[in-house]
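Engineer:
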Amino acid sequence: MLSGMSITDSWWLLTSLSMHCRYTGIIDRVLANKWMFLVGSHAIRYRHAIPPNQPFEIHTQNIHWDHTWVYLRARFVCPETGKLYAEGLTRITLRKGRDTISPTELLRCLYSPHEVPELSPPTTVPFLVTEMLKWDAASEASMKGFDSSNAAGSPQNSTWRLFQSINWPWEAFKVPPPQS
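Going letter by letter, the sequence shown gives residues 1 to 180 in full-length UniProt numbering.
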């Protein structure tokens, strides 16, 4: 159970997923096989603010997998009332170098065959996953259709401005001149 902070970004969701992986023993197997997780897409919906010092729980669940991706849902819930604060969905794949490791292979590492009789992906895709895939496809099309000529400045100017604004430790502190 966590308490005290409001959810401000997807860091909480990714933290809950890492806690889930640690609790279930997935991390040990992934590290032993030199695999790595890659997040393909991630979405979170905030429903209600979490009041300061209000305890909440994060319930993580594998809701679907296919031959490449695992879809995990994390729900931020009040332990006393069951009120849903936020819900996130993350699409994750496993890689070893450039090779994709199927979720079925991960299940084979984690469980004995009698514990998981059906090691093939489910045939029906949940509505939540279908909607996320539609959103993901629309986002991809939007990114591919981006016209950089409409951007607000060249990358060289942006990089130059970034490095000009850094206070390097070897430089003396400089007070900027007053604006006129």
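Don't be surprised by glycine CBs; every beta carbon is placed ideally from N, CA and C.
1) State yes or no: is the C-beta of L94 within less than 8 Å of the C-beta of W35?
2) What does the alpha-carbon distance come out to for the pair H42 and D136?
3) Excluding five sequence neighbours on each side, which residues of the same chain lie with their C-beta closer than 8 Å to the C-beta of R47?
4) Give the DSSP-derived three-state secondary structure of I50 in the structure shown.
5) With DSSP collapsed to three states, give me the class of V30.
6) Taking Cβ positions only, does Y111 come closer than 8 Å to chain B?
7) Which residue comes first and which comes last in the alpha helix (DSSP H) that contains F127?
8) Is the distance from the Cβ of F56 to the Cβ of I50 below 8 Å?
9) Nearest by alpha-carbon distance to E131: which of R98, D99, T90 is it?
10) Going by DSSP, what residue range makes up the alpha helix (DSSP H) through R108?
11) Could you give the C-beta distance for L110 and I26, rounded to a whole number, given that I count them as a contact under 8 Å?
12) In chain order, what residues of the same chain lie with their CB nearer than 8 Å to the CB of S120, ignoring the 5 residues before and after it?
13) In whole angstroms, what separates the C-alpha of H59 from that of R73?
14) Decide if F146 is buried, meaning its Cβ has at least 16 other Cβ atoms within 10 Å, or exposed.
15) Would you mind sorting V39 into buried or exposed? The rule is 16 or more other CB atoms within 10 Å of its CB.
16) What do you get for F76, buried or exposed, if any count of 16 or more other CB atoms within 10 angstroms of its CB means buried?
17) With a Cβ-Cβ cutoff of 8 Å, do I44 and W69 count as a contact?
18) Going by DSSP, what residues sit across from E57 in a beta bridge?
19) Using only the alpha-carbon positions, how far apart do D99 and T81 sit?
Structural biologist: Taking the geometry as given:
1) Going by C-beta atoms, L94 is nearer than 8 Å to W35.
2) So the alpha carbons of these two residues sit roughly 9 Å apart.
3) Counting only residues of its own chain and dropping the five nearest sequence neighbours on each side, R47 has a CB closer than 8 Å to the CB of L84, Y85, A86, E87.
4) Correct three-state label for I50: coil.
5) In the structure shown, V30 sits in a helix (DSSP, three-state: H, G or I).
6) You won't find chain B in this structure, because it holds only one protein chain.
7) Element bounds for F127: 127-144.
8) When the beta-carbon positions are compared, F56 and I50 come within less than 8 Å of each other.
9) Of R98, D99, T90, the residue nearest in Cα terms is T90.
10) Residues 103-110.
11) Indeed they touch by this definition, with Cβ atoms about 7 Å apart.
12) Excluding residues up to 5 positions away in sequence, T104 lie with their Cβ nearer than 8 Å to the Cβ of S120 in the same chain.
13) CA-to-CA, the gap between H59 and R73 works out to about 8 Å.
14) Burial call: exposed.
15) Exposed, because fewer than 16 other Cβ atoms sit within 10 Å of the Cβ of V39.
16) By the 16-neighbour rule on beta-carbons within 10 angstroms, F76 is buried.
17) Cβ distance not < 8 Å, so I44 and W69 don't count as in contact.
18) According to DSSP, which records beta bridges pairwise, E57 is partnered with V77.
19) So the alpha carbons of these two residues sit roughly 44 Å apart.
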